[in-house]
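Each residue of the sequence shown is one higher than the last, beginning at 0 in numbering that gives the first Met the number 0.
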Amino acid sequence: MTDYLQLMFDLALRKQPQGIHFWLTVYVVFVLFGTLVHALRVRRWPGTAGRLLRLGIRQFGATELHPANQQFVPDALYEYQVHGQVYQGREISIWKMSASGVLKGTAGLLPRRVKPDASGKVRVYYHPGKPQRSLLLRPGWMSLWSLCAAIAMVIACYVGRW
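Spelled out as structure tokens, the structure:
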């Protein structure tokens, strides 16, 4: 195993495609696996009742640009209480999203998944050790399976090529 790693390192130093592809694969798998672990941890966060103050999309960045170049991001503001302490949160999901131009509507995908009740109450999921970190949506099983599939595809691309 160490011989193979050394060989891939040497190939990458010599700018050979296989060595570069190998280390890119290692990096991407590392990032995807870290995201998978984070998503699994977030799924275990406890929930509490919260009050939705704002939900929608907002413009991000320069406003004087041509409309097709303007960026839009999901926007939320909610309030919740943990152990008697009141917190405000802005994060909707672990997934970060932005859109521009004709795809502006895709920035609203995450806000549309939040389902407040008639009084504006929502479920807020918070980090048990750092309750100021919170989300309105937990990662679902589809997110977890997608991450696993992405890891498998990245590895398969390397193995299939070399």
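Idealized CB from N, CA, C, for every residue including glycine.
| query | result |
| --- | --- |
| On the DSSP bridge assignment, give the partners of Thr47 in chain order. | Val123 |
| Unbroken alpha helix (DSSP H) runs of length 4 or more, entirely within the region 8–93: which are they? | 16–42 |
| From Pro45 to Tyr79, what does the alpha carbon distance come to, in whole angstroms? | 12 Å |
| From Gly119, Ile91, Pro115, pick the residue whose C-alpha is nearest to that of Ala106; which is it? | Ile91 |
| What is the DSSP secondary structure of Leu134, counted as helix, strand or coil? | strand |
| Classify Ser97 as helix, strand or coil using the three-state DSSP reduction. | coil |
| Please state the DSSP three-state secondary structure of Ser142. | helix |
| Taking C-beta to C-beta, are Met7 and Gly18 nearer than 7 Å? | yes |
| Hey, could you find the ends of the alpha helix (DSSP H) Leu102 is sitting in? | Counting along the chain, Leu102 falls outside any alpha helix (DSSP H), and DSSP gives it neither H nor E. |
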